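Following: one structure in structure tokens, then a few remarks.
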Amino acid sequence: MFLFGHQDKLSEIQENGSLVQKIESIYQTVRARFPSISRIAVALYDAKTDLLKTLARSGEEAHPLVHYQAKLAEAPSLLEILEKRSPRVVNDLSLFSEGKHEHTLRIEEEGHLSSYTMPMYVRGVFFGFVFFNSRQRATFTEEVLNHLDPFGHLISLTIVSELSTLQTLLATVRTARDMAHLRDDETGAHQDRMSRYARLIARKLATDHGFTDEYIEKVFIFAPLHDIGKMGVPDRILLKPGHLSQDEYAIMKSHTVKGRQIIDRMVENFELDPISDVGIMRNIAAFHHEAMDGSGYPAGLHGEEIPIEARIIAVADIFDALTSRRPYKEAWSNKEAFSMLRQLSGVKLDPGCVSVFIDSAPEIEEIQLQFAENRFG
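FYI, numbering that gives the first Met the number 0 numbers position 4 of the sequence shown as 3, with every residue one higher than the one before it.
Written as structure tokens, this is what we have:
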């Protein structure tokens, strides 16, 4: 006799949903067994900048840490977890009552009284934390921990499954570009800078546009693919030092259409359809040269017809092009580049993206220092 009455409460993590939805499914399963668990959250680590960045969270309605980032070096209690290479239990968060770090203060303000923090590793390399919180003290007994550990590892594996596929895709693209001997202005440092500029803009727009942390991270991950279509442009045009003829410019503009075609082929070959938000990747490649006044290409979209991720990339890409030294020009100062962005605002570029970006000058300068060009470009 076959029985089909059992409901798999974690089946959603195998579906084509967002990471937030999958972590919510895991949280509801945990909460059914341990009602005192009030929050599960995930932060990813960017080793190049030492930043911990909120990615996804689930739990009670109030979320103390959203669109948040902080230097790991400035969080000694988290560094200790990595030094010991072991998860940490704090059954009374009043131990940190003298702490001045923003994330400590926010957690305390929301009434969380105990926590369990698990480091996440992939092939032995640290890439983030899973946080379990409770509004009760002494929640995390040995019995509770024995049940939570598998869920923590399940969360880690769920994230690895999604993000590692995308990172493999990006590495493959970079390798293909190198093998094709492409020598346009897209150096590795350019990609590092403009992807972080894009993330900066997305984070500053998050409240007004309702962006999730997952969306912001996907913009950051997909940003280097914006000009992937240039792989299909002949070197005689791509590397031409002088002005392009009308016919040559038409071929150069085709890189947006070629980019979308390459993305579609990669989605098929890498079987990325189950990955959430692949549309962001397509939009970045296809529409980052559209203009607010409709004069852009390839579709001549106007204003908010242009996907917001493409509008974000346009500002990040143009700013870095202006402030980078090239064989045919010297680097502009940030002040000069900001002036040009203001001139393009509302005409070519999204005014909101331009405004929040210019208002972030200190963060922009930090990115420029971290990812400065060397003498080899």
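In this text, a Cβ means the ideal position worked out from N, Cα and C, and glycines have one as well. Here the structure is a predicted model, which is why all the values come from computation and not from measurement.
TODO: Measure the Cβ-Cβ separation of S17 and D276 and say whether it is below 9 Å.
DONE: Taking the first residue of the sequence shown as 1, we reach residue 17 at position 18. Taking the first residue of the sequence shown as 1, we reach residue 276 at position 277. Yes. Within cutoff.
TODO: List in chain order: all unbroken alpha helix (DSSP H) runs of 4+ residues lying wholly within the segment 32-56.
DONE: none
TODO: Tell me whether A137 sits in a helix, a strand or coil according to DSSP, three-state version.
DONE: Along the sequence shown, one-based indexing puts residue 137 at 138. Three-state DSSP puts A137 in coil, outside helix and strand.
Open item on the list: Among I220, W331, L343, whose alpha-carbon lies nearest the alpha-carbon of L54?
Closed with: Here residue 54 corresponds to residue number 55 of the sequence shown, with the count starting at 1. Here the closest residue by C-alpha is I220.
Open item on the list: I believe G299 touches V256 by the beta-carbon criterion, under 8 Å. Please report the beta-carbon distance rounded to the nearest angstrom.
Closed with: Here residue 299 refers to the residue found at position 300 of the sequence shown. Here residue 256 refers to the residue found at position 257 of the sequence shown. Not confirmed; about 13 Å, so no contact.
Task: Beta-carbon proximity of D226 to A284, cut-off 9 Å - done: The count along the sequence shown starts at 1 and reaches residue 226 at position 227. The count along the sequence shown starts at 1 and reaches residue 284 at position 285. Yes, these two residues count as a Cβ contact at 9 Å.
Task: Of the residues S24, F356, Y327, the one placed nearest M193, counting alpha carbons only - done: Counted from its first residue, the sequence shown places residue 193 at position 194. Comparing Cα-Cα distances from M193 to each of S24, F356, Y327, the minimum goes to F356.
Task: CB of L224 within 9 Å of CB of V172, strictly - done: On the sequence shown, position 225 is the one that residue 224 refers to. On the sequence shown, position 173 is the one that residue 172 refers to. The answer is yes: Cβ separation under 9 Å.
Open item on the list: Here's the rule: buried if 16 or more other CB atoms are within 10 angstroms of the residue's CB, otherwise exposed. What is P63?
Closed with: Looking up residue 63 in the sequence shown gives position 64. Because P63 carries a pLDDT of 48, less than 50, the predicted location of this residue cannot be relied on, and the following value inherits that uncertainty. It counts as buried.
Task: For L181, three-class secondary structure by DSSP - done: In the sequence shown, the residue the question calls residue 181 occupies position 182. Caution is warranted here: a pLDDT of 49 is assigned to L181, below 50, making its placement in the model unreliable, and the coordinate value is therefore given only provisionally. Three-state DSSP puts L181 in coil, outside helix and strand.
Task: 4-residue-minimum alpha helix (DSSP H) runs that sit fully inside the segment 296-328, ordered along the chain - done: 307-321
Task: Counted within 10 angstroms of its Cβ, other Cβ atoms place N132 as buried (16 or more) or exposed - done: By 1-based counting over the sequence shown, the position of residue 132 is 133. Buried, because 16 or more other Cβ atoms sit within 10 Å of the Cβ of N132.
- [ ] Measure how close the beta-carbons of F126 and Y44 come, nearest whole angstrom, since I'm counting them as under 8 Å.
- [x] Here residue 126 refers to the residue found at position 127 when the sequence shown is read from its first residue. Here residue 44 refers to the residue found at position 45 when the sequence shown is read from its first residue. Between Y44 and F126 the Cβ distance is about 6 Å, and since that is below 8 Å, they are a contact.
Task: Euclidean distance between Cα positions of M251 and L50 - done: Counted from its first residue, the sequence shown places residue 251 at position 252. Counted from its first residue, the sequence shown places residue 50 at position 51. C-alpha separation (whole angstroms): 36 Å.
Open item on the list: To the nearest angstrom, how far is the alpha carbon of E79 from that of A360?
Closed with: In the sequence shown, the residue the question calls residue 79 occupies position 80. In the sequence shown, the residue the question calls residue 360 occupies position 361. Cα to Cα, E79 sits roughly 32 Å from A360.
TODO: Measure the C-alpha to C-alpha separation of T140 and T167 and round it to an integer number of angstroms.
DONE: Numbered from 1 along the sequence shown, position 141 holds the residue referred to as residue 140. Numbered from 1 along the sequence shown, position 168 holds the residue referred to as residue 167. Approximately 39 Å, taken between the alpha carbons.
TODO: Please name the residue in G110, S93, A320, L165 whose C-alpha comes closest to that of R38.
DONE: Position 39 of the sequence shown, counting from 1, holds the residue named residue 38. For R38, the nearest C-alpha among the options comes from G110.
TODO: Please name the residue or residues paired with F356 in a DSSP beta bridge.
DONE: In the sequence shown, the residue the question calls residue 356 occupies position 357. BP columns for F356 are empty, so no partner.
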